[in-house]
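Trainee:
There are 2 protein chains.
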Amino acid sequence: MKQEELATLLREIIRDEKRILTDKVDLYSYSYDASFGTYLPDIVVLVMSTTEVAAIMKLANKHGIPVYPRGQATSLSGGPLPVHGGIVLDLSKWDNVLEVDAEDMVAVVSPGVLTADINDAALKEGLIYPPDPSSSNVSTIGGNLAENSGGPRGLKYGVTKDYVIGLEVVTPEGEVIRTGGRTVKNVTGYDLTKLIVGSEGTLGVITEATLRLYPKPQATKTMMAVFDDIVDSGKAITKILSSGILPSKLEIMDNATIQAVEAYEPLGLPVDAEAMLLVELDGHPAAIDEEILRVEKVCKETEARTVKVANTSEEANELWRARKLVSPAIVREKPTKISEDATIPRSKIPDMFQRLKEIREKYNIDLVVFGHAGDGNLHPNIIADKRDKEEMRRVEQAVEEIFKAAIELGGTLSGEHGIGTLKAPFMEMELGEVGLDMMKRIKESWDPNNILNPGKIFPQPGQRLVLTNG
Amino acid sequence: MKQEELATLLREIIRDEKRILTDKVDLYSYSYDASFGTYLPDIVVLVMSTTEVAAIMKLANKHGIPVYPRGQATSLSGGPLPVHGGIVLDLSKWDNVLEVDAEDMVAVVSPGVLTADINDAALKEGLIYPPDPSSSNVSTIGGNLAENSGGPRGLKYGVTKDYVIGLEVVTPEGEVIRTGGRTVKNVTGYDLTKLIVGSEGTLGVITEATLRLYPKPQATKTMMAVFDDIVDSGKAITKILSSGILPSKLEIMDNATIQAVEAYEPLGLPVDAEAMLLVELDGHPAAIDEEILRVEKVCKETEARTVKVANTSEEANELWRARKLVSPAIVREKPTKISEDATIPRSKIPDMFQRLKEIREKYNIDLVVFGHAGDGNLHPNIIADKRDKEEMRRVEQAVEEIFKAAIELGGTLSGEHGIGTLKAPFMEMELGEVGLDMMKRIKESWDPNNILNPGKIFPQPGQRLVLTNG
């Protein structure tokens with residue numbers, strides 16, 4: 001269908017001319033996300049209600065037009081990219097509902113609400129919304145739901161999916177359904193809520209969500225431990241967790257990461273150390289005061305070179321500053337960052353570090369490793385320059401080997417970023433032919449015309465990883 | 001297919017004659033569960049391996065024979081009932097795998113392992129497996145997985161599904177797939193793990209599960225509070241939770257329940273009180289010592305008549321004894337117990353109690369209410385005599401009204417027992433036609449011949465609640 005014809009049909013649904021974008025310039029700004037590749041949509045619609053979304057889906061389904069839902073496009077895996085053109089549904093302006101019910105301990109939100117705003121609203125009632133992807137100040141809850149976003153607090157508190165108890169969803173055929181509800185416990189039929197969350201916008205457009213909130217922990221405590229040997233830091237992690245302590249955060253930074261941060265802003269970091277752990281405990285003040293001493297003891301017993309406990313919140317912020325600077329520090333070296341999230345069982349962290357070291361040397365790439373060590377969710381980040389085609393070829397090969405290593409060690413392609421376009425070629429490697437087929441059956445039964453976010457998760461025949469088309 | 005012919009085919013798969021049951025007496029003992037109705041299977045097979053299950057599913061799928069997976073048949077909703085005859089797959093003898101990995105904090109189990117045994121094995125490593133359905137000493141993990149079982153600890157720790165990170169599953173067509181893995185974080189494609197857990201054995205036969213374990217809390221503290229007005233007990237619950245305290249258990253017993261227990265065994269319970277709360281805190285000793293004082297204060301501020309804190313574990317056991325005796329106490333009065341698990345948002349607990357009171361009077365039934373008040377998961381239990389047809393008709397009508405009340409109050413048919421045969425007639429009332437259809441599409445795409453646990457979850461046309469065919 002021609003753009004003009006499509007615009008005419010959409011104008012009958014959206015009575016506000018300004019919410020339908022057809023100009024080339026506008027379409028360009030919707031052609032990319034935080035991953036790789038640019039794809040021009042035919043038209044962009046800024047939707048503001050379930051009725052509008054349902055009508056658009058019915059229209060698209062009737063005419064076989066691809067529809068790409070989109071929040072703030074912070075996706076690292078290509079989630080919102082309009083790879084087959086068609087309609088981009090921008091849900092980021094639809095942020096009018098953000099209701100916190102302190103008694104039921106839930107929040108009801110519309111898809112365009114910023115994730116950090118939910119936590120801020122909860123805090124006013126003495127509650128928290130725990131999932132904290134590092135993009136939470138700019139990313140929408142709709143995008144977080146589609147991708148099942150994680151974050152550092154995942155170790156203790158779990159990920160986005162663990163907090164979603166109800167959804168309103170528009171199906172690919174334009175019907176409106178409600179899944180789950182306002183109760184934490186619900187076993188009425190199949191769990192469509194947890195199926196849709198994390199399905200990367202391929203099974204339905206989420207138009208409202210009911211999120212579980214948690215009591216705000218009374219206090220937090222932060223500690224940094226420096227290790228000469230990364231294997232020792234792995235031992236420390238295991239000993240902390242098996243001693244009955246569940247930190248709210250347990251982050252690791254490898255030597256290359258430490259060096260990059262120190263070069264970016266001198267903080268006095270130990271540039272010769274193999275690894276640094278950052279530990280945050282939260283809970284009752286009396287409990288964490290005692291627990292932090294035990295964590296300190298464990299780290300010393302596992303050969304930590306130095307251990308530093310923050311005594312004030314200022315000191316804690318200072319310790320966390322090293323971790324916060326990782327992203328700006330590494331992109332200063334080269335412009336292109338390939339941020340992976342291959343995740344392995346916790347016990348395999350030392351093995352994974354070894355494999356990553358080999359991959360770094362074999363392909364001669366700039367690789368730094370940091371991430372959520374407590375749950376095995378590492379972030380191997382490769383720094384490159386996408387204008388350098390030869391380097392990017394090496395990067396592509398390295399990424400493929402990182403995925404292989406993770407799967408061989410009993411892990412997974414993605415812990416929190418999603419599959420999108422980038423990891424689709426590797427799905428069968430992890431899931432096998434039948435496992436992937438069972439997923440595809442669900443997609444086909446819900447979206448028989450394959451119009452909702454097509455080109456994601458499921459590989460095209462012969463599809464390979466390409467980082468150089470952007 | 002005749003039983004003899006089927007037995008011959010199965011003998012080619014199961015080379016152990018003793019594991020194929022064809023005698024009428026044996027078949028009778030597989031014809032019922034802990035709910036209502038008896039249905040004779042054609043044959044029972046005691047399976048012990050994935051290969052056997054896969055071969056049986058292939059055979060059944062080829063010939064269109066219904067297959068009913070079964071653990072210990074403690075289901076309260078009819079989950080394992082062989083309503084269309086065919087093959088019962090008894091998985092309860094398959095308990096050879098129970099491996100705890102303290103480093104990865106996971107347990108790998110075969111489907112016939114008793115749920116309590118998993119927790120016991122975890123405890124040896126300083127860990128716990130939190131889900132604690134009251135049947136956990138006799139029910140298998142396979143059944144718990146199929147039904148997504150809950151339990152009192154659900155308030156703080158969640159339900160079975162929250163602990164399952166990987167599965168091995170035989171599909172209805174006899175293929176073997178692995179979902180998830182050994183990592184807590186995994187967003188590689190659709191979440192088949194959480195779809196299959198709680199699907200009541202209709203989407204696949206679970207042959208192995210990887211379960212997440214948790215650090216064992218260092219200490220627990222128990223308290224009982226007695227209220228003259230049930231609305232005040234509701235206020236206490238809300239105030240406790242919004243004060244930043246998350247109890248490990250928060251149970252309620254209404255006046256009828258208190259009276260039944262006291263009549264069964266005199267414990268000195270307040271038989272004139274409208275409600276009793278039992279609160280358990282767990283965690284760091286210093287934290288819960290202080291928190292229990294705050295809980296006590298909240299209960300007094302919300303007009304609790306008396307508050308009693310246990311000072312020793314003996315005293316705590318004594319307080320919990322009242323709750324433990326509920327089931328034996330109420331079935332002593334009449335032989336038939338209809339145990340519901342309609343769940344409402346926490347703020348609606350007082351309203352639900354009012355509705356239940358009206359239903360009790362309208363239908364002149366023996367109704368006691370207790371349950372997991374902290375998450376709104378009440379257990380209205382009707383005591384009756386199934387030989388009294390007239391009474392059972394009233395019970396059927398009352399149950400239907402309980403479901404309606406729960407849904408009208410924003411709740412759900414089932415918080416932890418599942419739909420099975422019993423609640424199937426009410427599915428559309430909660431989910432709507434399209435919502436139910438989206439579930440059915442998944443079932444049809446995975447099990448095109450409808451051979452795996454047919455007759456569950458999805459209502460037959462015109463199906464009504466019947467409690468009198470047993």
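For the protein sequence lines, the chains are A and B, in the order given. Take the first sequence: its position 364, counting from 1, is numbered 364 in UniProt numbering, and each next residue is one higher. Take the second sequence: its position 48, counting from 1, is numbered 48 in UniProt numbering, and each next residue is one higher. We treat Cβ as the ideally placed atom computed from N, Cα and C, and that holds for glycine. In this text, all values refer to a predicted model and were calculated from it rather than measured experimentally.
#1: Using CA coordinates, which residue listed in Lys300/B, Gln463/B, Gly374/B is at the minimum distance from Ser248/B?
#2: Return the chain-ordered ranges of every alpha helix (DSSP H) run that is complete within the stretch 213–279 of chain A and spans a minimum of 4 residues.
#3: Kindly list the residues whose CB is nearer than 7 Å to the CB of Thr22/B, restricted to its own chain and excluding five residues on each side of it in sequence; keep chain order.
#4: Taking the DSSP output, what are the residues bridged to His379/B?
#5: Using a Cβ-Cβ distance under 9 Å, would Leu452/A count as near chain B?
#6: Answer with yes or no whether the minimum CB distance from Met427/A to chain B is below 9 Å.
#7: Looking at the C-beta of Gln463/A, does it have a partner C-beta in chain B at a distance below 9 Å?
#8: Starting from Leu59/A, trace the alpha helix (DSSP H) in both directions and tell me its first and last residue.
#9: Apart from the five residues just before and just after His417/B, which ones in its own chain have a Cβ nearer than 6 Å to its Cβ?
#10: Is the Cβ of Glu401/B closer than 9 Å to any Cβ of chain A?
#11: Identify every run of the alpha helix (DSSP H) within the stretch 90–121 of chain B, keeping only runs that are complete inside it and at least 4 residues long; order them along the chain.
#12: Applying the 10 Å Cβ sphere with the 16-neighbour rule, what's the burial state of Pro66/A?
#13: Is it buried or exposed, Asp33/B, if we count other Cβ atoms within 10 angstroms and call 16 or more buried?
#14: Do we get a CB-CB distance below 9 Å when we pair Pro266/A with the residues of chain B?
#15: Do we get a CB-CB distance below 9 Å when we pair Asn317/A with the residues of chain B?
#16: Taking C-beta to C-beta, are Ser92/B and Gly126/A nearer than 9 Å?
#17: Taking the alpha-carbon positions, what's the Lys161/B to Cys299/A distance?
#18: Measure the CB-CB distance between Gly283/A and Gln218/B and report whether it falls below 9 Å.
#19: Please list, in chain order, all residues of the same chain as Thr140/A whose beta carbon is under 8 Å from its beta carbon, the five residues on each side excluded.
#20: Any C-beta of chain B within less than 7 Å: which residues of the stretch 295–324 of chain A qualify?
#21: Would you kindly work out how many angstroms separate the C-alpha atoms of Gly470/A and Phe36/A, rounded to a whole number?
#22: When you compare only the Cα positions, how much space is there between Thr306/B and Phe227/B?
#23: Sort Ile206/A, Pro172/A, Ser136/A by Cα distance to Ala60/A and report the nearest one.
#24: Would you say Gly142/B faces chain A, with C-beta separation under 9 Å as the test?
#25: Provide the residue span of the beta strand (DSSP E) that contains Lys156/B, from first to last.
#26: Under 9 Å, Cβ to Cβ, is there at least one residue of chain B near Val345/A?
#27: Suppose you measure from the CA of Met1/A to the CA of Leu211/A; what does that come to, to the nearest Å?
#28: Under 8 Å Cβ-Cβ, which residues of chain A neighbour Ser135/B?
#29: Can you tell me which of the three DSSP states Gly470/B falls into?
#30: Kindly give me the distance between the Cβ atoms of Ala260/A and Ile330/A, rounded to whole angstroms, as I take these residues to be in contact under 8 Å.
#31: Which residues in the same chain have their Cβ closer than 8 Å to the Cβ of Val97/B, if we skip the five residues on either side of it in sequence?
#32: Of all the residues that make up the stretch 265–292 of chain B, which are near chain A by a beta-carbon distance shorter than 9 Å?
#33: Run through the DSSP bridge pairs and tell me what Pro69/A is partnered with.
#34: Rounded to whole angstroms, what's the CA-CA distance from Gly151/B to Ser134/B? Just pull it up for me.
#35: Please compile the residues from chain A whose C-beta is within a distance smaller than 8 Å of the C-beta of Ile245/B.
#36: First and last residue of the alpha helix (DSSP H) that includes Ser445/B?
Mentor: In short, the structure shows the following:
#1: Gly374/B
#2: The DSSP assignment places 230–242, 255–264 as complete runs of the alpha helix (DSSP H) inside the stretch 213–279 of chain A, in order along the chain (cut-off: 4 residues).
#3: Answer for Thr22/B: Gln3, Ala7, Ile43, listed in chain order.
#4: Answer is Phe370/B.
#5: no
#6: yes
#7: Gln463/A has a beta carbon lying at 9 Å or more from every beta carbon in chain B.
#8: 50–63
#9: Within the same chain, His417/B has close Cβ partners Leu76, Ser77, Asp341.
#10: So, not an interface residue.
#11: none
#12: buried
#13: buried
#14: no
#15: no
#16: Not a contact, by the Cβ cut-off of 9 Å.
#17: 33 Å
#18: no
#19: Gly71, Gln72, Leu91, Ser92, Asp95, Pro111, Gly112, Val113, Leu114, Thr115
#20: Residues passing the 7 Å Cβ filter: none.
#21: Any reading at Gly470/A must be qualified, since the residue scores a pLDDT of 46, below 50, and its modelled position is unreliable; the value itself is stated next. Each residue's Cα considered, the two are about 6 Å apart.
#22: When only Cα atoms are considered, Thr306/B and Phe227/B end up about 7 Å apart.
#23: Pro172/A
#24: no
#25: Note, Lys156/B: premise wrong, no beta strand (DSSP E); alpha helix (DSSP H) at 154–157.
#26: Going by the sequence as given, residue 345/A is Pro instead of Val. Chain B contact via Cβ: present.
#27: 39 Å
#28: Neighbours of Ser135/B on chain A: none; closest Cβ ~15 Å, over 8 Å.
#29: Its pLDDT being 46, under 50, Gly470/B is placed unreliably in this model, and the value from its coordinates should be taken loosely. Correct three-state label for Gly470/B: coil.
#30: 5 Å
#31: Val108, Val109, Ser110, Val113, Glu208
#32: Gly283, His284, Pro285, Ala286, Ala287, Ile288, Asp289, Glu290, Glu291
#33: Paired residue(s): Leu89/A.
#34: 6 Å
#35: Pro215
#36: It spans 427–446 - the alpha helix (DSSP H) in which Ser445/B sits, taken as one unbroken run.
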